[in-house]
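Residues 1 to 378, numbered by the numbering used here, are exactly what the sequence shown covers, in order.
In this text, a Cβ means the ideal position worked out from N, Cα and C, and glycines have one as well.
Since the structure is predicted, the reported quantities are computational estimates derived from the model, not experimental observations.
Here's the structure, in structure tokens; my notes come after.
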Amino acid sequence: MIISKKTIHYFALFTGVPVLVLCALLLSSCDGDDSAQHLQHPKAGVHRVEVLRLEKQPVTVKQTLTGTLEAVNKIRLYNEESGRITRLPFYEGDRVKKGQVLVQLDDTLLKLDVARARAAREQAELDLSRVKTLLPKKIATEEEVAKAETEVDLARAEEKRQLTRLQRSSIRAPIDGIITDRLYETGDILPAQTHILTLVDPDALRLKAGLAERWMPLVKTGQPVNLRIDALAGQIFKARLNRIYPTINPESHKGIIEILLKPAPPNVLAGQFARADIVLNAGKKLTLPVPAVQYEIEGAYIYRIKDNKERGISQVEKVSVETGRQFGEQLEIVSGIKTGDRIVVRGFIGLRDGKSVEIAHESGQTGKSQEDNQKERQ
1 MIISKKTIHY
11 FALFTGVPVL
21 VLCALLLSSC
31 DGDDSAQHLQ
41 HPKAGVHRVE
51 VLRLEKQPVT
61 VKQTLTGTLE
71 AVNKIRLYNE
81 ESGRITRLPF
91 YEGDRVKKGQ
101 VLVQLDDTLL
111 KLDVARARAA
121 REQAELDLSR
131 VKTLLPKKIA
141 TEEEVAKAET
151 EVDLARAEEK
161 RQLTRLQRSS
171 IRAPIDGIIT
181 DRLYETGDIL
191 PAQTHILTLV
201 DPDALRLKAG
211 LAERWMPLVK
221 TGQPVNLRID
231 ALAGQIFKAR
241 LNRIYPTINP
251 ESHKGIIEIL
261 LKPAPPNVLA
271 GQFARADIVL
281 NAGKKLTLPV
291 PAVQYEIEGA
301 YIYRIKDNKE
311 RGISQVEKVS
321 VETGRQFGEQ
331 LEIVSGIKTG
341 DRIVVRGFIG
351 LRDGKSVEIA
361 HESGQTGKSQ
371 EDNQKERQ
């Protein structure tokens, strides 16, 4: 019941009852109703918050990197001898086997050079044999024998050189692979060191991608990677991290990692755009949801629950913290709080250091509430 000041004034004037006594009587009459309402509803002005109990949790980070697939073995074939192409049987897309002749140059003159060198070597060997037979008869000297031996060595070296040149007139496949570039045709005359063909191994493809420097310490060679090819409707292929480059680009602040796809499926080709999904394991860490960390000029801080057992209330205390890396929606806490601390994660409006609060909900970082954990222990 609500009684206005004017009503009280008139009542006191005509009854003679003092105003103070009248007010005391009215308040005592309303006390029973107020107590009942207080049991049913929380106190006016109570600050309600949600709380999270800190636990160290395994932290993983998924990074998606992009790039273009390229062949691991890409070999550009050059001629080491000049000459005219007499045979060039393979075209782009043709598969070849290791050891097959891919390019044949005109070797007519080279064969003549080999024959000349062979004849010179045979003559030098005959001269050496004759000088050696004359040495016991004192007709030849030791110096002449030594000179003849040197001539034999020179003739043999020249013959070997000409044979090598002849062999180089045939360019053979160094690996099993596919021809991707054919730059000349039969009959073309080429100077030495001309790029004629390109050969790749289609069974081993790699993706080189940049990874932010803060994640580089978390990658390990051999760890699995999922590759998705846009041109193949996002099909997932199992690959692995093959190589970690030892330097960081000072401009982009990224390191390079190499992802290997071997054996490559037949429908995956060099030059295709690919996405690599790699999961990085950061170990167990103390983390908080990003919104739970507040900031001011002095730095980052959080609100921690502090139970006042004497008064039977819960209060919050403002605690400065040092933050680390951000893992998705979680922020690493390096120092300032510890496992088991109860941290406010919702209800920050009007919150201040030392303020009394009512805990509306409390959960652990496993997502279970305090009641759920108690049931499990029972």
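Which listed residue (the options) has its alpha carbon closest to that of residue i
i    : options                   : result
N249 : L183, R304 and A209       : A209
N226 : R48, L280 and F327        : L280
L185 : P58, E92 and I297         : The residue you asked about is not Leu; residue 185 is Glu in the sequence shown. Measuring from the Cα of E185, the nearest candidate turns out to be E92.
I229 : G222, Q223 and F237       : F237
A239 : P246, A233, L260 and L105 : L260
R182 : E81, K98, S356 and D94    : D94
R118 : K56, Q100, I297 and A157  : A157
K147 : L112, T164 and S129       : S129
N267 : Q235, I302, I297 and L52  : Q235
T194 : L166, E151 and L77        : L77
N73  : I175, R311, N308 and V96  : I175
K160 : R116, G177 and P191       : R116
G177 : G187, Q167, T198 and P191 : T198
A231 : V219, K62 and Q272        : Q272
N79  : Q167, Q63, K355 and V219  : Q167
M216 : T180, G187, E258 and V114 : E258
For residue i, three-class secondary structure by DSSP
i    : result
P246 : strand
V200 : strand
L331 : strand
E362 : strand
P289 : strand
D230 : helix
E213 : helix
L205 : strand
L241 : strand
L218 : helix
K355 : coil
G336 : coil
E251 : coil
V21  : Here the model assigns V21 a pLDDT of 42, short of 50, so the residue's position is not dependable and the matter cannot be decided.
Boundaries of the beta strand (DSSP E) in which residue i is found, first to last residue
i    : result
K285 : F273 to K285
K74  : K74 to Y78
L112 : Run containing L112: none in the beta strand (DSSP E); it sits in the alpha helix (DSSP H), T108 to L134.
L269 : Taken as a continuous stretch (DSSP letters only), L269 belongs to no beta strand (DSSP E), as it is neither H nor E.
L451 : Past the edges of the chain, shown from 1 to 378, lies residue 451, and the structure says nothing about it.
V46  : V46 -> no beta strand (DSSP E), and no H or E assigned at all.
S82  : Where S82 is concerned, there is no enclosing beta strand (DSSP E), given that its DSSP letter is neither H nor E.
I139 : Counting along the chain, I139 falls outside any beta strand (DSSP E), and DSSP gives it neither H nor E.
V344 : R342 to R346
R311 : Segment: none, R311 is in no beta strand (DSSP E) and carries neither H nor E.
L69  : Q57 to A71
Q294 : Q294 to E296
V103 : V101 to L105
G177 : G177 to R182
Distance, residue j Cα to residue i Cα
i    : j    : result
Q162 : Q123 : 17 Å
T141 : K132 : 9 Å
H253 : E213 : 6 Å
I244 : A360 : 49 Å
T339 : V316 : 17 Å
E362 : I256 : 43 Å
K137 : V145 : 13 Å
R84  : I189 : 4 Å
Q294 : T60  : 24 Å
A274 : G364 : 39 Å
R379 : D107 : Outside the displayed span of the chain (1 to 378) sits residue 379, for which this structure offers no information.
R165 : T247 : 42 Å
E322 : A71  : 45 Å
T287 : K98  : 55 Å
V152 : I196 : 38 Å
E358 : V51  : 10 Å
G283 : P58  : 5 Å
R48  : A204 : 60 Å
S320 : A276 : 38 Å
S169 : E81  : 6 Å
L88  : T221 : 41 Å
S35  : L351 : Reliability fails at S35, whose pLDDT of 36 lies under 50, so the model's placement of it is uncertain and the value that follows must be treated cautiously. Spanning the two alpha carbons is a distance of roughly 28 Å.
I75  : I171 : 12 Å
D201 : F90  : 16 Å
R311 : F327 : 39 Å
I313 : Y301 : 22 Å
G347 : K318 : 14 Å
P191 : E149 : 37 Å
G67  : N242 : 15 Å
Unbroken alpha helix (DSSP H) run spanning residue i, endpoints
i    : result
V152 : E142 to R168
Nearest-angstrom beta carbon gap, residue j and residue i [assumed within contact, 8 Å]
i    : j    : result
A270 : L69  : 5 Å
V334 : A292 : Their Cβ separation, rounded to whole angstroms, is 15 Å, which puts V334 and A292 out of contact at 8 Å.
D341 : R304 : 5 Å
L54  : I278 : Actually they are not in contact, since the Cβ atoms of L54 and I278 sit about 28 Å apart, beyond 8 Å.
P263 : Q330 : 38 Å between Cβ atoms; not a contact.
Q100 : A173 : 5 Å
K285 : K56  : 6 Å
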